[in-house]
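Undergrad: Going letter by letter, the sequence shown gives residues 305 to 776 in my numbering.
Note that the Cβ used here is the ideal one computed from N, Cα and C, for glycine as well.
Sharing a structure, written as structure tokens. Questions coming.
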Amino acid sequence: MKTQASKKATTLKLTDIKSVPIRTFWITSIAFFICFFAWFGIVPFMPDVVKDLGLTPDQKWNSIILAVTGTVFARLLIGKLCDRFGPRICYTYLLILGAIPVILIGFVQTPLQFLICRLFIGFIGASFVITQFHTSIMFAPNIVGTANATSAGWGNLGGGANRLGMPLIAAAVVSFGVADEIAWRYSMVIAGIIAMLMGLVYYFFTTDTPDGNFSDLKKEGKMPALKKDEESFMSVLKDYRVWILFIVYAACFGMELTVYGTMDDYLQNNFGLTRSTAGNLVLSFALMNIFARTLGGFFGDRFGRLKGLRGRVIFLTIILAAEGLMLSTFSLATSLSVGLIFLIAFSLTVQMAEGATFSVVPFINKKAIGSISGIVGAGGNVGAFLAALFLKSKSAIAETNALAANSALGEEAMKAAQSTAAAGAVSSGYFVIGIFVVISALTTLAIKFSMADEKAIEEEMKGELAISGSAK
């Protein structure tokens, strides 16, 4: 491990917090965790929100879609801003400004206000791009995939940890005399304040690169060779490999968001689980981010050492295809025990595929890592948006048909028939999505690197490792 601030880290020694890359790794991972915690913080309170604001089922679906829609535009923009201004300033502003709609959602009085806040809260999902950008320029090629995957995976934990954390915050609020039915409002305000404070931490305790901040490096004439003009951004847009990775990330992260966003109801309707049991199962899958995404980056790096940049692509193809097969097989399961086996396998492979994707991203164009990370990251949210629309339409059609076929039954019987029909529609939807993922996996084989790219990375790795050895 290099302890000098002027060199990239070649190992992920988590206890070496004096090292600029490692300190940055911890701070950016925590910031990402907080952003995801706030982004999905409202999810555990949705039954209270529906009752408080009188949301219709359609408005509830729309809120899910809007939560990922805002992130698409934010991710596309933030990557370019990182290339220009550096990750430190971008993350600081994102945390502080993104905290505003998180706080404001605690004061909404109408469904429209709620939907608007969910749209703008989605902007903090762009934190993923900054995290990947910041980690990419802090770590050497031999370890960058593992570092990227670990920071992203631990950050993603925030999306599952809120299922435990937000109710605990609400319980603490209630202990001060606040009514149960409005505790969700105070909890969201607290989450927003935490995000805002984290913005200050990011500003004062991180630097843009191992050598210092972009602004200082520009003054000293030592600015890293990153994208500086529109022409280089256009070259990113014209690079077919970027758009393949856009589709790939839609097929992994996008599907993870969609499946876990609908899994609670699916487990209840298809397997008869209670809401509490279903919620705990979904939480346990989210917690797999502690290690699963890191495994994807680790094996990406390992294949990279054995087979070069092509090796990273081959591993991504394998793990993405496995993800699709696991999801399609899960959709066919009729027993809970068999279903859980394949759901666990899906959770493992989808998170590994995400890590593997960003073990490839840093090597597409080193002069535009931020822009590429933004485009690829946006792909995840586009995938989630389209998949949510797909499942929503299938569920709506199935429920309408079930209502028409069982109109002569009592109210409870009709509701049961609608729930069964919706579960069947989602099941067939999962199957189709799994096939899409497998097809997407095959497209990754079209990603090519030149011999010059392979040689340049090999030389960079040798140089970084040599400096690391001398530093020891």
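Report buried or exposed for residue 413, applying the criterion of at least 16 other Cβ atoms within 10 angstroms of its Cβ.
TA: Numbered from its first residue, the sequence shown carries residue 413 at position 109. With fewer than 16 other Cβ atoms within 10 Å, it is exposed.
Undergrad: Going by DSSP, which residues form a beta bridge with residue 345?
TA: The sequence position of residue 345 within the sequence shown is 41, counting from 1. According to DSSP, residue 345 bridges with nothing at all.
Undergrad: What number of angstroms, rounded off, separates the C-alpha of residue 437 from the C-alpha of residue 551?
TA: Residue mapping note: residue 437 aligns to position 133 of the sequence shown, counting from 1. Residue mapping note: residue 551 aligns to position 247 of the sequence shown, counting from 1. Approximately 19 Å between the Cα atoms of the pair.
Undergrad: Taking residue 562 as the reference, give the member of 521, 696, 602 with the closest Cα.
TA: In the sequence shown, the residue the question calls residue 562 occupies position 258. Looking at the Cα atoms, 696 is the closest of the given residues.
Undergrad: Check residue 474 in the structure and name its three-state DSSP category.
TA: In the sequence shown, residue 474 corresponds to position 170, counting from 1. The answer is helix: DSSP assigns residue 474 an H, G or I state.
Undergrad: Determine, using beta-carbon pairs with one atom in the region 496 to 506 and one in the region 371 to 387, whether at least three such pairs fall under 8 Å.
TA: The region 496 to 506 is not in contact with the region 371 to 387.
Undergrad: Run the proximity test for residue 318: is its beta-carbon closer than 7 Å to any non-hydrogen atom belonging to the ligand PLP?
TA: This structure lacks the ligand PLP, and indeed carries no ligand of any kind.
Undergrad: Out of 679, 402, 600, 421, point me to the one whose CA is closest to residue 447's CA.
TA: In the sequence shown, counting from the first residue as 1, residue 447 sits at position 143. Among 679, 402, 600, 421, the Cα nearest to that of residue 447 belongs to 600.
Undergrad: Less than 8 Å between the CB atoms is what I'm expecting for residue 691 and residue 592, so what's the real figure, rounded?
TA: The residue you call residue 691 lines up with position 387 of the sequence shown. The residue you call residue 592 lines up with position 288 of the sequence shown. Incorrect: roughly 20 Å between the Cβ atoms, too far for contact.
Undergrad: So for residue 575, helix, strand or coil by DSSP?
TA: Locating residue 575 in the sequence shown gives position 271, where the first residue counts as 1. Correct three-state label for residue 575: helix.
Undergrad: If distances are taken between C-alpha atoms only, which option among 390, 311, 685 comes closest to residue 325?
TA: Here the question's residue 325 lines up with position 21 in the sequence shown. The shortest Cα separation from residue 325 among 390, 311, 685 belongs to 311.
Undergrad: Taking DSSP's pairing of strands, which residues face residue 513 in a bridge?
TA: Walking along the sequence shown from the start, residue 513 turns up at place 209. BP columns for residue 513 point to 516.
Undergrad: To the nearest angstrom, report how far apart residue 763 and residue 410 are at their CA atoms.
TA: For the purposes of this step, residue 763 is taken as the residue at position 459 of the sequence shown. For the purposes of this step, residue 410 is taken as the residue at position 106 of the sequence shown. Whole-angstrom Cα-Cα distance: 53 Å.
Undergrad: Go through its chain and collect everything with a Cβ distance to residue 390's Cβ below 7 Å, but skip five positions before and after it.
TA: Walking along the sequence shown from the start, residue 390 turns up at place 86. Closer than 7 Å at the Cβ level, and outside the excluded window around residue 390, lie 512, 517, 518.
Undergrad: Quick check: the Cα distance between residue 574 and residue 353, rounded to an integer number of angstroms?
TA: For the purposes of this step, residue 574 is identified with residue 270 of the sequence shown, where counting begins at 1. For the purposes of this step, residue 353 is identified with residue 49 of the sequence shown, where counting begins at 1. Going from the Cα of residue 574 to the Cα of residue 353 covers about 25 Å.
Undergrad: Using DSSP bridges, identify the partner residues of residue 427.
TA: For the purposes of this step, residue 427 is identified with residue 123 of the sequence shown, where counting begins at 1. The partner list for residue 427 (beta bridge, DSSP) is empty, contrary to what the question assumes.
Undergrad: Report the partner residues of residue 443 according to the DSSP bridge assignment.
TA: Taking the first residue of the sequence shown as 1, we reach residue 443 at position 139. 313.
Undergrad: Output yes or no for whether 8 Å exceeds the beta carbon distance between residue 443 and residue 451.
TA: One-based indexing of the sequence shown puts residue 443 at position 139. One-based indexing of the sequence shown puts residue 451 at position 147. Yes, these two residues count as a Cβ contact at 8 Å.
Undergrad: The alpha helix (DSSP H) with residue 452 in it runs from where to where?
TA: The residue given as residue 452 occupies position 148 in the sequence shown. Taken as a continuous stretch (DSSP letters only), the alpha helix (DSSP H) holding residue 452 covers 448 to 460.
Undergrad: Compute the Euclidean distance between the alpha carbons of residue 349 and residue 488, then round it to the nearest angstrom.
TA: Walking along the sequence shown from the start, residue 349 turns up at place 45. Walking along the sequence shown from the start, residue 488 turns up at place 184. When rounded, the distance between both Cα atoms is 6 Å.
Undergrad: Please return the same chain residues whose Cβ sits closer than 7 Å to the Cβ of residue 555, not counting the five positions on each side in sequence.
TA: In the sequence shown, counting from the first residue as 1, residue 555 sits at position 251. Hits under 7 Å: 624, 687, 740, 741, 744.
Undergrad: Using a Cβ-Cβ cutoff of less than 6 Å, which residues in the same chain neighbour residue 682 once the five nearest sequence positions on both sides are dropped?
TA: To locate residue 682, count along the sequence shown from 1; it is residue 378. The residues are 376, 379, 380.
Undergrad: Taking residue 363 as the reference, which of 422, 399, 337 has the closest Cα?
TA: Counted from its first residue, the sequence shown places residue 363 at position 59. Residue 363 has its Cα closest to that of 422, out of 422, 399, 337.
Undergrad: I'd like to check one pair, residue 590 with residue 468: are the Cβ atoms closer than 8 Å?
TA: In the sequence shown, counting from the first residue as 1, residue 468 sits at position 164. In the sequence shown, counting from the first residue as 1, residue 590 sits at position 286. No, these two residues do not count as a Cβ contact at 8 Å.
Undergrad: In the DSSP assignment, the alpha helix (DSSP H) including residue 649 goes from what residue to what residue?
TA: Taking the sequence shown and counting its residues from 1, one reaches residue 649 at position 345. That run of the alpha helix (DSSP H) goes 640 to 661.
Undergrad: Using the Cα positions of residue 515 and residue 612, report the straight-line distance between them to the nearest angstrom.
TA: Position 211 of the sequence shown, counted from the start, is the residue given in the question as residue 515. Position 308 of the sequence shown, counted from the start, is the residue given in the question as residue 612. The straight-line gap from Cα to Cα measures roughly 27 Å.
Undergrad: Compare the C-alpha of residue 586 against each of 540, 651, 629, 576 and name the closest.
TA: Here residue 586 corresponds to residue number 282 of the sequence shown, with the count starting at 1. It is 651.
Undergrad: Report all residues from its chain with a CB closer than 7 Å to the CB of residue 605; omit the five preceding and five following residues, and keep chain order.
TA: Working through the sequence shown from its first residue, we reach residue 605 at position 301. Taken in chain order, the residues that qualify are 446, 447, 449, 450, 663.
Undergrad: The alpha helix (DSSP H) with residue 632 in it runs from where to where?
TA: Position 328 of the sequence shown holds residue 632. Here the alpha helix (DSSP H) through residue 632 covers 596 to 636.
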